[in-house]
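In my numbering, the protein residues as written are 143 to 242.
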C-alpha cells in the first residue's frame with residue numbers, strides 16, 4: 143500500500159518547483175509521481191497520428207515520491223498507516239485523522 147495515491151493533493155518540497163501544490167495524475171512504479179502543472183519539461187516530438195505536425199510540447203515529468211508531502215486541510219503532513227475496525231487505513235500524522 144502506498145502513502146501517496148492518484149488524486150491526492152501534494153506539495154513539492156524540493157527542486158525547481160518547490161512549494162507548488164498539485165494533484166497526483168499518476169504513480170509510476172510506486173517510486174515516482176506525475177503532478178499536475180509541476181516539473182514541466184520541453185519535449186521535441188516527431189509527427190504522429192495523435193500530433194500530425196509534431197514540434198515542441200510541454201509535459202509533466204515524474205518526480206520522486208520522497209520529494210512530495212500530502213496536503214491535509216491546507217497544510218503538508220506526513221502519512222502513516224493504522225488499523226481501524228480490522229482495515230488498514232492512511233492517516234495524517236499531524237492530526238491523527240483518517241484520510242481514507
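Ideal placement from N, C-alpha and C gives every residue a C-beta, glycine not left out. If you're wondering where the values come from, they're calculated on a predicted model, not measured in any experiment.
Nearest in C-alpha terms to residue 201, of all of 162, 180, 191, 188, is 180. Counting C-beta atoms within 10 angstroms of its own C-beta, residue 144 has fewer than 16 neighbours from the protein chains shown and is therefore classed as exposed. For residue 198, DSSP records a beta bridge to 186.
Boundaries of the beta strand (DSSP E) harbouring residue 234: 229 to 234, taken from the DSSP string. Secondary structure of residue 213 (DSSP, three-state): strand.
In the structure shown, residue 207 falls within a helical segment according to DSSP collapsed to helix, strand and coil. By the 16-neighbour rule on beta-carbons within 10 angstroms, residue 164 is buried. Contact between the stretch 193 to 208 and the stretch 171 to 179 is present, with at least three C-beta pairs closer than 8 Å. Here the alpha carbons of residue 177 and residue 240 stand approximately 23 Å from one another.
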